[in-house]
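Colleague: My questions all concern the structure below.
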Amino acid sequence: MNAIRTTCAYCGVGCGISAVPTGERTVAITGDATHPANFGRLCSKGTHLGETVGLEGRLLHPMIGEERVDWDEALNLVAGRFAQTIRNHGPDSVAFYVSGQLLTEDYYVANKLMKGFIGSGNIDTNSRLCMSSAVAAHNRAFGEDVVPCSYADLEEADLILLVGSNTAWCHPVIWQRIEAAREARGAKLVVIDPRRTETAERADLHVALRPDGDVALFNGLLAAMRDRGGFDAAYIAQHVDMPEDFIASLAIDLPGIGIDAAAFDALADMVAATPRMVTLFSQGANQSSSGTDKGNAIINLHLATGRIGRAGMGPFSITGQPNAMGGREVGGLANMLAAHMGFSDAECAAAQDFWQSPTIARAPGLKAVDLFRAVHEGKVKALWIMATNPAVSMPDAGFVREALARCDFVVASEVIAETDSARFAHVRLPALGWGEKDGTVTNSERIVSRQRALLAAPGDVRADWDIVSDVARRMGFGAGFGYRRAADIFREYCAQTGFRNDGARMLDLSQWAGISDADYDGWAPWQWGGVSPFASGRFSTPDGRARIVAVDAPAAPAADPAFPFRLNTGRYRDQWHTMTRTGLSPKLSRHRREPLVEVHAHDAARLGLTEGSIARVATLQGESRYRVSLSDGQRPGELFVPIHWTDTLSSGGRTGRLPAPVTDPVSGQPAFKNTAASIEPF
Ligand code: SF4
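Residue numbers for the sequence shown follow UniProt numbering, beginning at 1 and rising by one.
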């Protein structure tokens with residue numbers, strides 16, 4: 001059988017895969033040598049995707065409670081309960097919580113139903129937890145959520161700063177490209193991370209700053225470039241609005257950064273001496289109460305030194321999920337209307353006219369943490385969760401469980417029958433899994449790729465876009481949701497990006513609005529905005545100029561004797577999110593068989609914790625148990641635990657219950673990496 005070209009199900013690198021079905025539920029996987037994201041490379045997760053396409057644990061039929069029903073009964077109930085709730089309590093009494101695992105076509109239809117036909121902004125996505133601070137920073141600096149770099153910039157840079165990114169584990173194919181470029185060109189690598197990760201161990205310089213010391217660090221670097229004459233005056237004059245008072249006030253605050261003068265000077269020397277510099281930032285920057293300011297502090301340095309829009313230069317936000325970018329594009333975040341439009345009167349009118357919809361959301365909806373608060377308070381009475389597991393992945397997940405248990409009506413569109421979240425659902429709807437889906441995704445460098453069906457749909461499962469459209473029709477919105485195939489939706493989405501755009505937004509796919517079914521089927525990876533979207537020096541603000549945003553470093557959190565440690569959470573190399581897919585692969589489970597708490601040896605000795613012993617980690621929100629791993633890669637006073645394990649998988653190690661539901665004030669992104677915690681022997 002011929003190989004089918006598709007895209008990896010996991011991270012935002014968006015690697016192309018060449019897949020050959022070898023049986024009813026088996027697939028042989030190799031990297032697609034023609035895909036520009038990976039040129040044939042794959043990491044362990046992508047390589048072992050074939051082990052995860054069986055039917056073990058699948059949700060195969062619609063379920064109301066524990067009773068198997070047909071689609072008519074399930075969808076009539078969903079449509080009826082949503083319509084009744086809206087009639088009785090208004091459009092803001094319902095909400096969708098969706099996922100970066102959805103395809104762009106799924107996302108588009110869900111967003112259109114909520115914002116254009118129900119008339120509420122209450123659709124948010126688990127991408128809120130991943131990179132919404134980068135989105136906010138882009139909007140503030142560039143006037144639009146545009147990632148200004150491509151992976152090729154990493155290969156053309158002479159200096160790469162990795163901020164809050166364990167790239168070797170979390171974006172492994174980008175890491176492979178960086179390593180190959182370092183070998184070929186001798187580029188220097190700096191890792192800025194409180195932890196000495198595997199990535200940091202292979203860096204030329206590791207800057208072990210204090211948690212949330214990033215704004216102080218990048219403001220300090222901006223001050224150093226100012227003092228060394230490193231600003232690009234001509235570039236600023238032509239393209240950048242720079243608040244002079246802010247620039248004049250900048251100083252180097254070593255205690256705020258948490259490093260000594262020698263480490264700062266070593267970094268500042270490298271930055272000053274190396275114009276071709278890319279700063280790649282990821283969840284360590286974004287998942288913070290100052291995440292948006294961190295993004296802008298990084299962007300500020302690039303704008304002031306003219307290091308943007310040129311080969312081998314730029315601030316580069318890398319997304320976690322396979323289609324976080326596609327979700328951002330169509331409006332899957334509660335604070336974006338659609339197609340990179342906000343909620344101005346003109347934008348609302350444009351969206352409503354385009355959709356020919358009976359109403360339109362006029363204000364942003366609830367962002368993830370606030371959304372689940374509203375569920376808990378009974379303000380949101382009907383919730384539809386698609387392709388995500390908030391009972392594990394949200395901060396203060398115990399509170400989220402309470403909220404789900406209280407909610408009048410919960411629907412879960414799922415691939416897996418028994419997730420921690422689906423257990424709270426009144427109705428479970430079986431959705432296509434990776435390998436069965438057909439549509440598009442966008443990766444971290446804005447390349448739109450196809451995901452193609454490799455396997456027949458099992459049981460009664462249906463595409464997410466098809467399920468949402470069917471519910472919309474049953475709610476009386478038939479005219480807007482008559483799609484027959486994913487290509488119909490893609491064409492409509494592309495047309496919307498060009499509707500009353502007039503060059504105001506860089507996201508413009510309208511050239512594909514008339515794409516034929518055959519060309520959609522044969523779609524080759526295509527990058528919107530081009531390799532370097534701001535090469536012309538024109539940004540998406542009304543005057544075309546970028547903005548340097550005045551950002552202040554946050555104060556260090558007050559010491560709490562009851563919770564004297566700072567708790568950081570993150571990923572393991574071979575696991576993904578809440579393990580509903582990677583947990584199916586025996587090979588992936590070999591890397592880390594259980595969740596560990598990493599503790600500095602000095603702290604462990606003081607507390608009587610030994611390697612391999614069991615420790616109880618507690619925060620104000622809850623507690624969990626982990627096996628102890630002594631690590632001198634941890635700063636004293638700081639702990640690290642993985643995010644993946646769930647109650648269905650283990651008796652301990654469920655991390656979601658620990659982080660505080662503290663969010664960035666601009667983006668609403670939760671601060672998963674700096675929670676006050678305690679640790680003691682169990
Ligand atoms: Fe998949 Fe990401 Fe690995 Fe590429 S780097 S194979 S997209 S998990």
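Heads up, the beta-carbon is just placed ideally off N, CA and C, and yes, glycines get one too.
As the structure is a prediction and not an experimental result, all values here were calculated from the model.
1) Let me confirm a value: Met1 is counted as buried when at least 16 other C-beta atoms fall within 10 Å, else exposed. Which label applies?
2) On the three-state DSSP scale, how would you describe Met270?
3) Have a look at Gln621 and Phe82 and give me their C-alpha separation to the nearest angstrom.
4) With a threshold of 16 other CB atoms inside 10 Å of the CB of Pro211, please say whether the residue is buried or exposed.
5) To the nearest angstrom, report how far apart Pro642 and Gly320 are at their CA atoms.
6) Only counting runs of 3 or more residues, tell me where the beta strand (DSSP E) segments fall wholly within the region 356 to 413, in order along the chain.
7) May I have the straight-line CA-CA distance separating Lys188 from Ala208, to the nearest angstrom?
8) Only counting the same chain, and skipping five residues up and downstream in sequence, which positions put a Cβ closer than 8 Å to that of Val628?
9) Taking contact to mean at least 3 C-beta pairs separated by less than 8 Å, is the region 451 to 464 in contact with the region 422 to 436?
10) Compare the beta carbon distance of Val448 and Thr578 with 7 Å and say whether it is the shorter of the two.
11) Say the cut is 6 Å; is the CB of Pro525 nearer than that to a heavy atom of ligand 1?
12) Would you mind giving the Cβ-Cβ distance between Thr7 and Gly14, rounded to the nearest angstrom? I have them listed as a contact below 8 Å.
13) Suppose the cutoff is 7 Å on Cβ atoms and the five residues either side in sequence are ignored; what does the same chain contact list for Trp528 look like?
14) Do you know how far the Cα of Ala559 is from the Cα of Glu623?
15) Can you tell which of Thr305, Lys112 and Ala422 has its C-alpha closest to the C-alpha of Arg401?
16) Would you give the residue range spanned by the alpha helix (DSSP H) that Leu139 belongs to?
17) Can we say the region 247 to 255 touches the region 272 to 291, given the rule of at least three CB pairs closer than 8 Å?
18) Where does Thr569 land, buried or exposed, given buried means 16+ other C-beta within 10 angstroms?
19) Going by the C-beta, is Pro172 closer than 6 Å to any heavy atom of ligand 1?
20) In three-state terms, what does DSSP make of Gly46?
21) Is Gly46 near ligand 1, judged by its Cβ being under 6 Å from some heavy atom?
22) List, from N- to C-terminal side, the alpha helix (DSSP H) runs of 4 residues or more that fit wholly inside the region 173 to 240.
23) Relative to the C-alpha of Gly398, which residue among Arg654, Ala555 and Ala363 is closest?
24) In chain order, what residues of the same chain have a beta carbon less than 6 Å from the beta carbon of Gln176, not counting five sequence neighbours either side?
25) Count the C-beta pairs between the region 238 to 248 and the region 314 to 328 that are closer than 8 Å, then say yes if the count reaches three, no if not.
26) With a cut-off of 8 Å on the beta carbons, I'd call Trp384 and Val411 a contact; round off their distance for me.
27) Got a sec, what are the start and stop residues for the beta strand (DSSP E) Met6 sits in?
28) Just reading off the beta strand (DSSP E) that Ser629 is part of, what are its end residues?
29) For a test of the three-state rule: what should DSSP assign to Met277, helix, strand or coil?
30) Under a Cβ-count criterion, where at least 16 other Cβ atoms within 10 Å of its own Cβ denotes burial, should His602 be classed as buried or exposed?
31) Which residues mark the beginning and the end of the alpha helix (DSSP H) in which Tyr151 is found?
32) May I ask you to report which of helix, strand or coil DSSP gives Val461?
33) Output the boundary residues of the alpha helix (DSSP H) element that contains Leu254.
34) Alpha carbon to alpha carbon, how far is Asp632 from Phe563? Give it in angstroms, no decimals.
35) Work out the CA separation of Ser344 and Gly314 for me, nearest whole Å.
36) Taking the alpha-carbon of Pro525 as reference, which of Phe39, Gly637, Cys11 and His376 has the nearest alpha-carbon?
Modeller: Quick answer:
1) The sequence position of residue 1 within the sequence shown is 1, counting from 1. Answer is exposed; the Cβ neighbour count stays below 16.
2) As a first step, residue 270 must be located in the sequence shown, where it is residue number 270. Here Met270 sits in helix by DSSP.
3) As a working note, residue 621 is residue 621 in the sequence shown. As a working note, residue 82 is residue 82 in the sequence shown. Approximately 32 Å, taken between the alpha carbons.
4) Position 211 of the sequence shown, counting from 1, holds the residue named residue 211. It is buried - the Cβ of Pro211 has at least 16 other Cβ atoms within 10 Å.
5) The sequence position of residue 642 within the sequence shown is 642, counting from 1. The sequence position of residue 320 within the sequence shown is 320, counting from 1. Looking at the two C-alpha atoms, the distance is approximately 15 Å.
6) 382 to 386
7) What you label residue 188 is simply residue 188 of the sequence shown in a count that begins at 1. What you label residue 208 is simply residue 208 of the sequence shown in a count that begins at 1. Taking the straight line joining both Cα atoms gives about 17 Å.
8) Within the sequence shown, residue 628 is the residue found at index 628, counting from 1. Closer than 8 Å at the Cβ level, and outside the excluded window around Val628, lie Leu596, Val597, Val599, Ala604, Leu609, Thr610, Glu611, Gly612, Ser613, Ile614 and Ala615.
9) yes
10) Translated into the one-based positions of the sequence shown, residue 448 becomes position 448. Translated into the one-based positions of the sequence shown, residue 578 becomes position 578. It is not a contact, given that the beta carbons lie outside the stated cut-off.
11) Position 525 of the sequence shown holds residue 525. Incorrect: Pro525 has no Cβ contact closer than 6 Å to ligand 1.
12) If you number the sequence shown from 1, residue 7 lands on position 7. If you number the sequence shown from 1, residue 14 lands on position 14. Contact flag correct, Cβ pair sits at about 6 Å.
13) For this step, residue 528 is matched to residue 528 along the sequence shown. If we look at Trp528 and ignore the five residues flanking it on each side, its Cβ neighbours are Arg446, Val448, Leu507 and Leu509.
14) Taking the sequence shown and counting its residues from 1, one reaches residue 623 at position 623. Taking the sequence shown and counting its residues from 1, one reaches residue 559 at position 559. Between Glu623 and Ala559, the C-alpha separation is close to 19 Å.
15) Taking the sequence shown and counting its residues from 1, one reaches residue 401 at position 401. Looking at the Cα atoms, Ala422 is the closest of the given residues.
16) One-based indexing of the sequence shown puts residue 139 at position 139. Before going on, a small fix: residue 139 reads as Asn here, not Leu. Ser132 to Phe142 is the span of the alpha helix (DSSP H), which, as asked, contains Asn139.
17) no
18) In the sequence shown, the residue the question calls residue 569 occupies position 569. Thr569 should be labelled buried.
19) Counted from its first residue, the sequence shown places residue 172 at position 172. Pro172 Cβ: within cutoff of ligand 1.
20) Counting from one through the sequence shown, the residue named residue 46 turns up at place 46. Three-state DSSP puts Gly46 in a helix.
21) If you number the sequence shown from 1, residue 46 lands on position 46. Within the cutoff, so yes.
22) 198 to 201, 214 to 227 and 233 to 239
23) Reading the sequence shown from its first residue, position 398 is the one you call residue 398. Among Arg654, Ala555 and Ala363, the Cα nearest to that of Gly398 belongs to Arg654.
24) As a position in the sequence shown, residue 176 is number 176, starting the count at 1. Arg41, listed in sequence order.
25) no
26) As a first step, residue 384 is located in the sequence shown; it is residue number 384 there, counting from the start. As a first step, residue 411 is located in the sequence shown; it is residue number 411 there, counting from the start. With 8 Å as the limit, Trp384 and Val411 qualify as a contact, their Cβ atoms being about 4 Å apart.
27) The residue labelled residue 6 in the question sits at position 6 within the sequence shown. In the sequence as displayed, the identity of residue 6 is Thr instead of Met. Unbroken beta strand (DSSP E) run through Thr6: Ile4 to Thr7.
28) Counting from 1 along the sequence shown, the entry for residue 629 is found at position 629. Glu623 to Leu630 is the extent of the beta strand (DSSP E) around Ser629.
29) As a working mapping, residue 277 is identified with position 277 in the sequence shown. Three-state DSSP puts Met277 in a strand.
30) Taking the first residue of the sequence shown as position 1, residue 602 is located at position 602. It counts as exposed.
31) Taking the first residue of the sequence shown as position 1, residue 151 is located at position 151. First-last of the alpha helix (DSSP H) with Tyr151: Tyr151 to Glu156.
32) Here the question's residue 461 lines up with position 461 in the sequence shown. In this structure, Val461 counts as coil in the three-state DSSP scheme.
33) In the sequence shown, the residue the question calls residue 254 occupies position 254. Leu254 to Ile257 is the span of the alpha helix (DSSP H), which, as asked, contains Leu254.
34) As a position in the sequence shown, residue 563 is number 563, starting the count at 1. As a position in the sequence shown, residue 632 is number 632, starting the count at 1. Computed Cα separation, rounded: 21 Å.
35) Taking the first residue of the sequence shown as 1, we reach residue 314 at position 314. Taking the first residue of the sequence shown as 1, we reach residue 344 at position 344. C-alpha separation (whole angstroms): 30 Å.
36) Working through the sequence shown from its first residue, we reach residue 525 at position 525. Residue Phe39 is the option with its Cα nearest to Pro525.
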